[in-house]
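Taking it in order: structure first as structure tokens, then the write-up.
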Amino acid sequence: MANTNEQRKRYVKEYIRSLAAIEEAMEPYKEQRRELRSEFRQNGWLNTDEIRAAVKAYRLFKGDVNIDEVVENFNLLNGGDDE
């Protein structure tokens with residue numbers, strides 16, 4: 794932790810500078826993601842809800858969630874088959 798108010802101010806400034814640099818570096822990737830969604834909608838490959846579901850599935854998978862269990866539970870809740 795910063796000992797003085799001046800140190801805290803310096804750390805806040807440094808944090809904001811670093812955050813701004815990271816945000817700026819991420820912007821091209823955010824734009825690519827927007828373009829990808831737009832392309833899939835415009836071509837009729839997926840609608841907005843399907844894209845949202847795919848993103849949620851990806852985030853679950855990325856979070857080390859057992860995807861087979863997720864699908865099984867979804868099917869049980871949805872009233873569908875368990876396969």
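Under the numbering used here, the first residue of the sequence shown is numbered 794, with each subsequent residue one higher. All C-beta atoms in this analysis are idealised placements derived from N, C-alpha and C, irrespective of residue type, glycine included. The structure presented is a predicted model; accordingly, all values stated were derived computationally and were not measured.
Ile815 and Val858 have their C-alpha atoms spaced approximately 28 Å apart. The C-beta distance from Arg827 to Ile844 rounds to 11 Å, too long to fall under 8 Å, and the pair is not in contact. Here the C-alpha atom of Leu870 lies approximately 11 Å from the C-alpha atom of Val863. DSSP places Asn866 inside the alpha helix (DSSP H), whose first and last residues are Ile860 to Asn871. Secondary structure of Asn836 (DSSP, three-state): coil. In the three-state scheme derived from DSSP, where H, G and I count as helix and E and B as strand, Asp857 is classed as coil.
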